[in-house]
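Structure first, then comments.
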Amino acid sequence: MFLYEHEGKEIFKRYGVPIPPNGVAFSVDEALKIAKEIGYPVVVKPQILGGRRGKAGAIRFAENDEELIENAKTLLSMDIRGERVERILIEKKVNIEHEYYIAYLMDFFERKPIVMFSTEGGIEIEEVARTKPEALVKRYIDPELGMKSFLALEILNDLGIKGREARKFVPIFMNLWRAFSESDLLLAEINPLVKTIEGEVIAVDARVMVDDNAEVRQEWIKEFKEKRGGRESIEYRAKEKGISLVVLEGDVGVIGNGAGLTMATVDLVKEFGGEPADFLDIGGGAGPEKVFEAIKSLTQLPGIKVILMNIFGGITRCDLVAKGIIEALGKLNLQIPLVVRLTGTNEEEGRAILEKAGIKAYTDMIAAVKKAVELSKEGR
Amino acid sequence: MFLYEHEGKEIFKRYGVPIPPNGVAFSVDEALKIAKEIGYPVVVKPQILGGRRGKAGAIRFAENDEELIENAKTLLSMDIRGERVERILIEKKVNIEHEYYIAYLMDFFERKPIVMFSTEGGIEIEEVARTKPEALVKRYIDPELGMKSFLALEILNDLGIKGREARKFVPIFMNLWRAFSESDLLLAEINPLVKTIEGEVIAVDARVMVDDNAEVRQEWIKEFKEKRGGRESIEYRAKEKGISLVVLEGDVGVIGNGAGLTMATVDLVKEFGGEPADFLDIGGGAGPEKVFEAIKSLTQLPGIKVILMNIFGGITRCDLVAKGIIEALGKLNLQIPLVVRLTGTNEEEGRAILEKAGIKAYTDMIAAVKKAVELSKEGR
Amino acid sequence: MAVLVNKDTKVVVQGITGREGSFHTKLMLEYGTKIVAGVTPGKGGNDVHGVPVYDSIKDALKEHDIDASIIFVPAKFAYDAVMEAIYNELNPIVVITEGIPIWVTMKLVNEAKKRNIYIIGPNCPGIIVPGEIKLGIMPGHTFKPGDVAVISRSGTLTYEISKLLTDNNLGQSVVIGIGGDSIKGITIPEALRLLENDPYTKRIVIIGEIGGIEEEKAAELIKKGEITKPVVAYIAGKHATLRTGVSFGHAGAIILGEMGRPESKIRAFNEARVLVARLPIEVIDYLKTI
Amino acid sequence: MAVLVNKDTKVVVQGITGREGSFHTKLMLEYGTKIVAGVTPGKGGNDVHGVPVYDSIKDALKEHDIDASIIFVPAKFAYDAVMEAIYNELNPIVVITEGIPIWVTMKLVNEAKKRNIYIIGPNCPGIIVPGEIKLGIMPGHTFKPGDVAVISRSGTLTYEISKLLTDNNLGQSVVIGIGGDSIKGITIPEALRLLENDPYTKRIVIIGEIGGIEEEKAAELIKKGEITKPVVAYIAGKHATLRTGVSFGHAGAIILGEMGRPESKIRAFNEARVLVARLPIEVIDYLKTI
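Chains as they are written, first to last, in the numbering used here: chain A, 7 to 386; chain B, 7 to 386; chain C, 201 to 490; chain D, 201 to 490.
Dropping the structure here:
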């Protein structure tokens, strides 16, 4: 899960990574109140999860109430790459002397954390990495031993930052590492990390990703989610039920078990000329309730013409899936056709259950996908 | 530093190791108050640092106020192996079904923690270890990976404790490990660890030793020390000044630099027929202040006849030691002779300083020791 | 005899008394897997489908020879269970459990690697050598013996494609479901190296997904000639713009570049002369040509 | 040439800008030790007695060849400093710092051992090869070249006995002050093994103390014949009932038994036919007889 900039900064703050005074606002009024507290000039930043705001020209400044009102209004009515701006961060503007870049990232393939630092921070950092690799140092971290302050100094030294100057950056390296390694983060990026004219080193942005599986041991993830709101969304409600749902724009509702099979099903709908309405993975070992909830979720999607359910039982049992389908048909008063493909563990039992209710499940995936696409076109 | 039983139990409690309800009393009145709170029957235990109270018959029980008053009085006027009993622990008596033994110990030679568990706890545990080794399991713990609950189960299984029964002990293993490894302990021993008739597993005793060097990162050590009182003692005040002092019973005051040299000096005083009054190590790299404080400390020892100062400069510099001696002579109005042996780093400078004040320092340790012993006998 | 496990492999099931553990123990036994013991801390002394249950692997080892482990414990207990298997030098260790935090998996996988122990998974269907041993949760009847090896990041898609293989008379030497988590034990390149040296494997199917760089690294190995057996690939998520927005910031872009996207994977395989199937059924067509 | 270090050993001083670091750098330079660089984080660019100072060992390594390190940083920073030396594969690493928590030392020593790096100390005077190199804080003029090796747990007592050796014309091949902490890098038995293979060492003096079991373990080695060179021992604290009461509970009694007490050490040495001096001067007498 990606964190909003302001959420990421909250984590940073807890671990002693300095950030400018700030506050998050959902309205122009709230923005003015925050600005009054922290004082002008302020930066106004839309809080979105997609990243790359800078390039979208969505970072604004305000010297006074008038400018703040104008910019807050503009931003709060903005859409950035399809993401609605609901909240803005009002933050004390810092006096930039130089912009640096620092990031901790989990390298999944090497199974090790990696630290990166550059003397040339800012939105062009990828360009720097490509064209001026000597200005960016990357280094793997021994996962058993963790980050060490001498490693930070080595990195700084390699970039020509030495002595007293280097010492200023070491706490950032160490505190950001603690935030990263103790909070189950997969990415903790500060770009830019700013040295101010006053000589302080401050995190001006925060790009943070946390491992979804860590919610059981990171209390704050739940807290953040609760504060986020958006709980009225179909996707959020599905997640609450343990179902992974992403809403797309087509009319063929797709339900699968397992991310790979579900993705393949979405691919096939496309291949055969259909338009998937969603990606819905009931996960491994789903019982009847989850199947019921999955079908229920899709009935709430506007414009859906058919539901295609593609189940290959492994840890998931076909009989339990069939029970869920029967329950859904009984309770949901489904107005659209349901195409079921069912095979794998306890297949016989599952088919028997469905047949009793008059449903003939497919064994072949392709046939089921073709049928669903066909039905979606009839319904257009 | 050894902890009192009640201090050790406080640490245990913080980490979720169950202990009986209790309170520490310095007087009979306090004892009655605690008993009123926790209810009879209670156990009354003298709090001493030396251990082996059980064998000394100093553990008492009380069913009512009368018995408590009697036992508290007796214990509070007791001396156990030379240690004055100043405080007693009043603790709810538990209904013992069986006594176990558990301990974590740092094995200095192997440089690894070791865990020990026995189904035959109690004061005869050393006897059990000797005569019935199969009833006591010892196991080294990989210091990088730490204690694991499956290791606890392996140990329990090896002693025939299995299934649901074994599960009861696992939290004790894990929580005591956390207390041990997170609090810089060198020993965390529970003997007996009691299974009550009600089926609970409870720490009825606590023998805990903490690393003195860990005070910088274990805030609670300081807190405990402050609560302990006894700060009027000469040894405590010396420690505050960074001086390691142990008071003995003789009349030759010994000051050395380095534990080895100081011990050797004490040994030599004995060899040559003298009686050392103390062991005082000013440590490595001592400056004039420490030397001054060391001499000052010894002047407070009753019956002291001579001070023997044996310094071999390494990281300690002879000139700084000499300055401290001069200061002490100037300010302390010393009534007893001071025999100084001075050699090593900056020896020339040190000797020059002393000679100006009319002190001729020895180079040879034996000669200095002989002189000091001689002076102590003259003074008798 | 095949890679990692075979008909003689003696297995312990960790978490055998749980719902999934017990259910799949039954199915594995029916398949012929030699499950000699189960472990559930605190449940020692019971039995599950005739398999004796112990509190600890060490206790089970007093009574049985054990080679490998399959783990069904909940995510919360997975660290301890896997570590216990590692300590007792079981190999391979198949971790079915899903939902293990990535930092936990990272530590486990590094520890196992240090001791030359293979972990399969977590969050995986396991490994099957058709006709010999099923150490996993895949539906056994979907597979049959043969010379095609399958390596897959997806669970259900593995069954899907294996069924197509079986239906088309392309038996399998071994099917390894390496799991869908970001950090895992055996990766596609590591599995390829094992299969290259397996005399029972003639051809290899890789079932990949968008995300990660295992497919690109696998293509690199093949291109360098370190894998000489013919390989066919299928990549799920080609039309999935689903996971966009889930990029790893500038840091991810710097380290990964374009890697991870379906186009990158397909390009890498093409450059290594690996045929990439558009539809699952094409895997069969391609296999027949090589 | 001697054990661990010699006249060609190139040294970095960690914590060179501190009071002790700077003072002893001067004395070591005067002795002839090849100190090529100093490190103090955040003080890079300065110099101390002509030795250039860097922020990190890695930065120093860009300009200099470095073999070994001597560490003077305060206890609070010791973990990082030693770890930095280990990462950069310096060997040996002499840790003068006192007051390092035992759990910290334990981790450092285990890490160094894994990488075959020798740590001397902590809380030790260091090592000296008279006439060649002084990597420590011992007063240099107390020593002179010869064939007697000294291993000592005590700082000042080392100087004491070495001075007696020197005054009696018994020069030293090497003097290793292994330090007084409970957990340390090189122990007496490990030092003995090194000295057994050192062609410049003919005779060995062990200066022990009450507590710990190094002396007993050393006696065991000698008794087993693994150490063939003649050994003389001195044990400080024979009359010190000082540390009684500082036993390690039942646990200590179970693990250690009677070991650690002076009588135990003397008995162990006697059984190994090692002469134990009662007075420091007897060390000389005994050495002359063997």
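Just so it is clear, CB atoms sit at the ideal spot from N, CA and C, and this is done for glycine as well.
Review point. Which residues, in chain order, does the region 304-317 of chain C contribute to contact with chain A at a C-beta distance below 7 Å?
Key: In summary, the residues of the region 304-317 of chain C whose CB is separated from some CB of chain A by less than 7 Å are Met306, Lys307, Val309 and Asn310, in the order they occur in the chain.
Check your understanding: Between the Cα of Ile406/D and the Cα atoms of Pro430/D, Gly425/D, Tyr400/D and Lys384/D, which residue gives the shortest distance?
Key -> Residue 406/D sits at position 206 when you count from the first residue of the fourth sequence. Ile406/D has its Cα closest to that of Pro430/D, out of Pro430/D, Gly425/D, Tyr400/D and Lys384/D.
**Study point:** Residue burial classification, Asp485/D (beta-carbon count within 10 angstroms, cutoff 16)
**Key:** On the fourth sequence, position 285 is the one that residue 485/D refers to. It is exposed - the Cβ of Asp485/D has fewer than 16 other Cβ atoms within 10 Å.
Review point. Residue range of the beta strand (DSSP E) that Lys144/A falls in?
Key: The sequence position of residue 144/A within the first sequence is 138, counting from 1. It spans Leu142 to Tyr146 - the beta strand (DSSP E) in which Lys144/A sits, taken as one unbroken run.
Review point. Rounded C-beta distance between Ala334/A and Lys362/A? I'm assuming under 8 Å.
Key: Against the first sequence, residue 334/A aligns to sequence position 328. Against the first sequence, residue 362/A aligns to sequence position 356. Here Ala334/A is actually not in contact with Lys362/A; their C-beta atoms are around 15 Å apart, not less than 8 Å.
Practice item. Taking only the alpha-carbon atoms, compute the straight-line gap between Lys329/B and Val23/A and give it to the nearest angstrom. Key: As a first step, residue 329/B is located in the second sequence; it is residue number 323 there, counting from the start. As a first step, residue 23/A is located in the first sequence; it is residue number 17 there, counting from the start. Cα-Cα distance, rounded: 47 Å.
Review point. Mind pulling the beta strand (DSSP E) runs of 3 or more residues that sit fully within the region 331-361 of chain B?
Key: Runs of the beta strand (DSSP E) lying entirely within the region 331-361 of chain B and spanning at least 3 residues, in chain order: 344-350.
**Study point:** Pairwise C-alpha distance: Gly377/C and Ile327/C
**Key:** Here the question's residue 327/C lines up with position 127 in the third sequence. Here the question's residue 377/C lines up with position 177 in the third sequence. About 6 Å.
**Study point:** Buried/exposed call for Ser83/B, threshold 16 Cβ in 10 Å
**Key:** Counting from one through the second sequence, the residue named residue 83/B turns up at place 77. Ser83/B counts as exposed, since fewer than 16 other beta carbons sit within 10 angstroms of its beta carbon.
Point to revise | Beta carbon proximity, Asn181/A to chain C, threshold 8 Å | key: Sequence index remark: in the first sequence, residue 181/A carries index 175 (1-based). Chain C, which has no Cβ nearer than 8 Å to the Cβ of Asn181/A, makes this no.
Practice item. Just the C-alpha distance for Arg213/A and Asp190/A, rounded to the nearest angstrom, thanks. Key: By 1-based counting over the first sequence, the position of residue 213/A is 207. By 1-based counting over the first sequence, the position of residue 190/A is 184. Taking the Cα positions, Arg213/A is about 14 Å away from Asp190/A.
Exercise for review: Report yes or no: do the region 192-208 of chain A and the region 289-296 of chain D share at least 3 C-beta pairs separated by less than 8 Å?
Suggested key: Flag = no, the region 192-208 of chain A and the region 289-296 of chain D do not touch.
Exercise for review: Measure the C-alpha to C-alpha separation of Ile410/C and Gly266/A and round it to an integer number of angstroms.
Suggested key: Position 210 of the third sequence holds residue 410/C. Position 260 of the first sequence holds residue 266/A. Taking the straight line from one Cα to the other gives about 9 Å.
Practice item. Jot down the residue ranges of each uninterrupted beta strand (DSSP E) in the region 308-393 of chain C, minimum 3 residues, whole runs only, in chain order. Key: Those beta strand (DSSP E) runs which fall completely within the region 308-393 of chain C and span 3+ residues are 326-329, 333-336, 345-352 and 372-377.
Review point. Which residues of chain E have a Cβ atom closer than 9 Å to the Cβ of Leu421/D, listed in chain order?
Key: The chain inventory of the structure shown lacks chain E, comprising the protein chains A, B, C and D.
Check your understanding: Under a three-way DSSP split, which group does Ile240/A fall into?
Key -> Locating residue 240/A in the first sequence gives position 234, where the first residue counts as 1. Ile240/A sits in a helix when the DSSP states are folded into three classes.
Exercise for review: May I ask you to report which of helix, strand or coil DSSP gives Glu414/C?
Suggested key: Reading the third sequence from its first residue, position 214 is the one you call residue 414/C. For Glu414/C, the three-state secondary structure derived from DSSP is helix.
Point to revise | Span of the beta strand (DSSP E) around Tyr110/B | key: Walking along the second sequence from the start, residue 110/B turns up at place 104. Counting along the chain, the beta strand (DSSP E) containing Tyr110/B begins and ends at Ile102 to Asp113.
Review point. Who pairs with Asp247/D in a beta bridge, going by DSSP?
Key: Translated into the one-based positions of the fourth sequence, residue 247/D becomes position 47. BP columns for Asp247/D point to Pro252/D.
Review point. Chain B beta carbons: is any one of them nearer than 8 Å to that of Thr225/D?
Key: Counting from one through the fourth sequence, the residue named residue 225/D turns up at place 25. Not an interface residue.
Review point. Roughly how many angstroms lie between the CA atoms of Leu410/B and Gly262/B, to the nearest whole one?
Key: Outside the displayed range of chain B (7 to 386) lies residue 410/B, so it cannot be described from this structure.
Check your understanding: At a CB-CB cut-off below 8 Å, which residues of chain B make contact with Asp393/D?
Key -> As a first step, residue 393/D is located in the fourth sequence; it is residue number 193 there, counting from the start. The question names Asp, yet the displayed sequence has Arg at residue 393/D. What Arg393/D touches in chain B: nothing, since even the nearest Cβ is about 15 Å away.
Review point. Can a CB atom of chain D be found closer than 8 Å to the CB of Gly291/B?
Key: As a first step, residue 291/B must be located in the second sequence, where it is residue number 285. Look at Gly291/B: its C-beta is under 8 Å from a C-beta on chain D.
Check your understanding: Closest Cβ-Cβ distance between Met315/B and chain D: below 8 Å?
Key -> Translated into the one-based positions of the second sequence, residue 315/B becomes position 309. Answer no: the Cβ-Cβ gap between Met315/B and chain D never drops below 8 Å.
Point to revise | the region 351-360 of chain A / the region 157-171 of chain B touching (three or more Cβ pairs under 8 Å) | key: Not touching, per the Cβ criterion.
Exercise for review: Evaluate contact between the region 339-356 of chain C and the region 408-428 of chain C, counting only Cβ atoms and requiring at least three cross-stretch pairs below 8 Å.
Suggested key: With contact defined as three or more Cβ pairs closer than 8 Å, the region 339-356 of chain C and the region 408-428 of chain C are in contact.
**Study point:** Euclidean distance between Cα positions of Ile286/D and Ile317/D
**Key:** Numbered from 1 along the fourth sequence, position 86 holds the residue referred to as residue 286/D. Numbered from 1 along the fourth sequence, position 117 holds the residue referred to as residue 317/D. Cα to Cα, Ile286/D sits roughly 7 Å from Ile317/D.
Check your understanding: Where does Ala373/A land, buried or exposed, given buried means 16+ other C-beta within 10 angstroms?
Key -> What you label residue 373/A is simply residue 367 of the first sequence in a count that begins at 1. Ala373/A sits exposed, since fewer than 16 C-beta atoms from the chains shown fall within 10 Å of its C-beta.
Review point. Which of helix, strand or coil does DSSP assign to Val474/C?
Key: The residue given as residue 474/C occupies position 274 in the third sequence. When DSSP states are grouped into helix, strand and coil, Val474/C belongs to the coil group.
Review point. Going by Cα to Cα distance, which pick from Phe272/C, Ser256/C, Lys423/C and Ser373/C is closest to Lys207/C?
Key: Translated into positions along the third sequence, residue 207/C becomes position 7. Out of Phe272/C, Ser256/C, Lys423/C and Ser373/C, Ser373/C has the C-alpha closest to the C-alpha of Lys207/C.
Check your understanding: Does the beta carbon of Ser464/D come closer than 8 Å to any beta carbon on chain B?
Key -> Within the fourth sequence, the letter at position 264 stands for residue 464/D. No, Ser464/D lies away from the interface with chain B (no Cβ there is under 8 Å from its Cβ).
Exercise for review: For Glu284/C, return the contacting residues in chain B, with the cut-off set at a CB-CB distance below 9 Å.
Suggested key: Counting from 1 along the third sequence, the entry for residue 284/C is found at position 84. Around Glu284/C, the beta-carbon contacts reaching into chain B at under 9 Å are Lys154, Ser155, Phe156, Leu157, Leu159 and Glu160.
Review point. Between Arg461/D and the rest of its own chain, which residues show a CB-CB distance below 8 Å, the 5 nearest in sequence each way excluded?
Key: Numbered from its first residue, the fourth sequence carries residue 461/D at position 261. Residues Ile410 of the same chain have their beta carbon placed closer than 8 Å to that of Arg461/D, with the five preceding and five following residues left out of the count.
Check your understanding: Using a Cβ-Cβ distance under 8 Å, would Arg90/B count as near chain D?
Key -> Translated into positions along the second sequence, residue 90/B becomes position 84. With 8 Å as the cut-off, Arg90/B does not count as an interface residue toward chain D.
Review point. Residues of chain D with CB under 7 Å from Lys168/A, in chain order?
Key: As a first step, residue 168/A is located in the first sequence; it is residue number 162 there, counting from the start. Chain-ordered, the chain D residues with CB closer than 7 Å to the CB of Lys168/A read Gly244, Gly245 and Asp255.
Point to revise | For Ser303/A, the three-state DSSP class (helix, strand or coil) | key: Looking up residue 303/A in the first sequence gives position 297. Here Ser303/A sits in helix by DSSP.
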